[in-house]
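**Student:** Got a structure for you, questions after.
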Amino acid sequence: MATTVTVWNEYVHEREHEAVADLYPDGIHGAIADALGDAGFETQTATLDDEEHGLTEEVLDETDVLTWWGHAAHDEVEEHVAERVKQHVLDGMGLLVLHSAHLSKPFRKLMGTSCGLKWREAAETERLWVTNPAHPIADGIDDYFEVPEAEMYGEHFDVPEPDSLVFTSWFEGGEVFRSGCCYHRGQGRVFYFRPGHETYPVYHQEEVQHVLANACEWATQEDGSGVVRGNHDPIEDLDTSDDRTVH
Numbered sequence: 013m014a015t016t017v018t019v020w021n022e023y024v025h026e027r028e029h030e031a032v033a034d035l036y037p038d039g040i041h042g043a044i045a046d047a048l049g050d051a052g053f054e055t056q057t058a059t060l061d062d063e064e065h066g067l068t069e070e071v072l073d074e075t076d077v078l079t080w081w082g083h084a085a086h087d088e089v090e091e092h093v094a095e096r097v098k099q100h101v102l103d104g105m106g107l108l109v110l111h112s113a114h115l116s117k118p119f120r121k122l123m124g125t126s127c128g129l130k131w132r133e134a135a136e137t138e139r140l141w142v143t144n145p146a147h148p149i150a151d152g153i154d155d156y157f158e159v160p161e162a163e164m165y166g167e168h169f170d171v172p173e174p175d176s177l178v179f180t181s182w183f184e185g186g187e188v189f190r191s192g193c194c195y196h197r198g199q200g201r202v203f204y205f206r207p208g209h210e211t212y213p214v215y216h217q218e219e220v221q222h223v224l225a226n227a228c229e230w231a232t233q234e235d236g237s238g239v240v241r242g243n244h245d246p247i248e249d250l251d252t253s254d255d256r257t258v259h
């Protein structure tokens with residue numbers, strides 16, 4: 013059965029700025045969904061203006077991996093929806109957090125930090141170095157690849173130490189950045205991937221699309237974890253009668 017990926021985008025810039033609409037006539041979500049569909053994933057899209065932002069319990073129950081792009085409307089995401097996304101990640105759903113979604117509510121809830129960073133818009137070259145070539149997200153990527161025009165993100169990036177750092181970016185202006193960060197949260201897997209500024213054609217770039225496909229594969233849980241919590245019967249012969257319990 014194909015992995016189901018829900019591609020979420022606030023879908024604001026594409027409707028308000030002609031330059032962005034020219035690059036992404038079907039929205040950033042459309043470009044990402046098309047690329048992942050070509051890679052063999054079942055895709056569906058959701059946006060901020062959809063009811064429940066398109067992220068109902070039913071949608072998330074059917075989602076193996078959720079990708080999230082946001083920038084101008086983080087505060088417009090309802091708290092209960094952000095909390096719902098967080099809970100589904102803890103229960104095993106994969107999450108890909110893209111570019112400026114470092115400040116999205118679900119990511120900040122899962123990280124427990126401000127997720128702040130330095131930034132600059134100067135259409136400069138970004139060189140992404142593979143810092144963990146054995147990681148499946150880096151499969152098929154050379155030692156590095158370049159994004160010809162990018163918004164700079166610089167350290168310090170206020171996130172927890174990644175479980176695995178797959179990519180580190182260098183920018184033409186001299187900064188570096190941890191741009192491919194893997195985390196495990198509960199039973200779910202989270203990948204933050206830095207490239208993706210809305211005024212540059214980043215999501216049309218072959219290497220970026222390849223990384224997104226690899227990341228969706230990595231973030232997918234094949235089966236339920238089988239983790240059992242709560243009151244548990246002993247596996248050894250044990251007298252469990254204890255009248256001192258207060259539960």
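The working numbering puts the first residue of the sequence shown at 13, with every later residue one more than the last. Ideal placement from N, C-alpha and C gives every residue a C-beta, glycine not left out. Remember, it's a predicted structure, so these values are computed and weren't measured experimentally.
Going by Cα to Cα distance, which pick from A84, A47, L122, N144 is closest to G106?
**Tutor:** Cα-wise, what sits closest to G106 is L122.
**Student:** Which two residues bound the contiguous beta strand (DSSP E) that contains M164?
**Tutor:** 156-166 is the extent of the beta strand (DSSP E) around M164.
**Student:** Scan the region 52-101 and note each continuous beta strand (DSSP E) run of 3 residues or more that stays entirely inside, going in chain order.
**Tutor:** Within the region 52-101, the complete beta strand (DSSP E) runs of at least 3 residues are 54-59, 77-81.
**Student:** Taking the C-alpha atoms as reference points, what is the distance between F53 and D251?
**Tutor:** Computed Cα separation, rounded: 51 Å.
**Student:** Helix, strand or coil: how does DSSP classify L250 here?
**Tutor:** Here L250 sits in coil by DSSP.
**Student:** Would you call M164 buried or exposed, if buried means 16 or more other Cβ atoms sit within 10 Å of its Cβ?
**Tutor:** Flag for M164 reads buried.
**Student:** Ignoring anything shorter than 4 residues, give me the alpha helix (DSSP H) runs that lie fully in the region 184-236, in order along the chain.
**Tutor:** If we require 4 residues or more, the alpha helix (DSSP H) runs fully inside the region 184-236 come out as 218-231.
**Student:** May I ask you to report which of helix, strand or coil DSSP gives R120?
**Tutor:** The answer is helix: DSSP assigns R120 an H, G or I state.
**Student:** Around the Cβ of R201, are there at least 16 other Cβ atoms within 10 angstroms (buried) or fewer (exposed)?
**Tutor:** Answer is buried; the Cβ neighbour count reaches 16.
**Student:** Would DSSP call A134 helix, strand or coil?
**Tutor:** It is a strand residue.
**Student:** Does DSSP put G242 in a helix, a strand or coil?
**Tutor:** DSSP places G242 in coil when its eight states are reduced to three.
**Student:** Considering only C-alpha positions, which residue in the set H216, A227, T232 is nearest to D34?
**Tutor:** The shortest Cα separation from D34 among H216, A227, T232 belongs to H216.
**Student:** Can you find the residues in the same chain that come closer than 8 Å, C-beta to C-beta, to G166, ignoring five residues on each side of it along the sequence?
**Tutor:** Here the set comprises L129, K130, W131, R132, F183, E187, V188, F189.
**Student:** Could you tell me whether the region 241-251 touches the region 112-127, using the rule of 3 or more Cβ pairs below 8 Å?
**Tutor:** Touching, no.
**Student:** Please name the residue in P37, T18, K117 whose C-alpha comes closest to that of T79.
**Tutor:** Considering only alpha carbons, the answer is T18.
**Student:** Do the CB positions of L72 and W20 come within less than 8 Å of each other?
**Tutor:** The answer is no: Cβ separation not under 8 Å.
**Student:** Apply the 10 Å Cβ neighbour rule to T55 and answer buried if 16 or more other Cβ atoms are within range, or exposed otherwise.
**Tutor:** Classification of T55: buried, given that the 10 Å Cβ count is 16 or more.
**Student:** Buried or exposed for G208, going by 16 or more other Cβ atoms inside 10 Å?
**Tutor:** So G208 ends up on the buried side.
**Student:** Taking DSSP as the reference, what is the three-state secondary structure of S176?
**Tutor:** Here S176 sits in strand by DSSP.
**Student:** How is S181 classed by DSSP in three states: helix, strand or coil?
**Tutor:** It is a strand residue.
**Student:** When the distance is taken between beta carbons, is T143 closer than 8 Å to L177?
**Tutor:** Result yes, Cβ atoms of L177 and T143 sit closer than 8 Å.
**Student:** For the alpha helix (DSSP H) containing G268, list its first residue and its last residue.
**Tutor:** Missing from the structure shown is residue 268; the chain here goes from 13 to 259 and no further.
**Student:** Whole angstroms are fine: how far does the CA of D61 sit from the CA of V159?
**Tutor:** Cα to Cα, the separation comes out at about 31 Å.
**Student:** Helix, strand or coil, according to DSSP, for L108 in the structure here?
**Tutor:** Reduced to three states, the DSSP call for L108 is strand.
**Student:** Please report how far the alpha carbon of L224 lies from the alpha carbon of E22, in whole angstroms.
**Tutor:** Approximately 18 Å between the Cα atoms of the pair.
**Student:** Rounded to whole angstroms, what is the Cα-Cα separation between H147 and I153?
**Tutor:** Looking at the two C-alpha atoms, the distance is approximately 11 Å.
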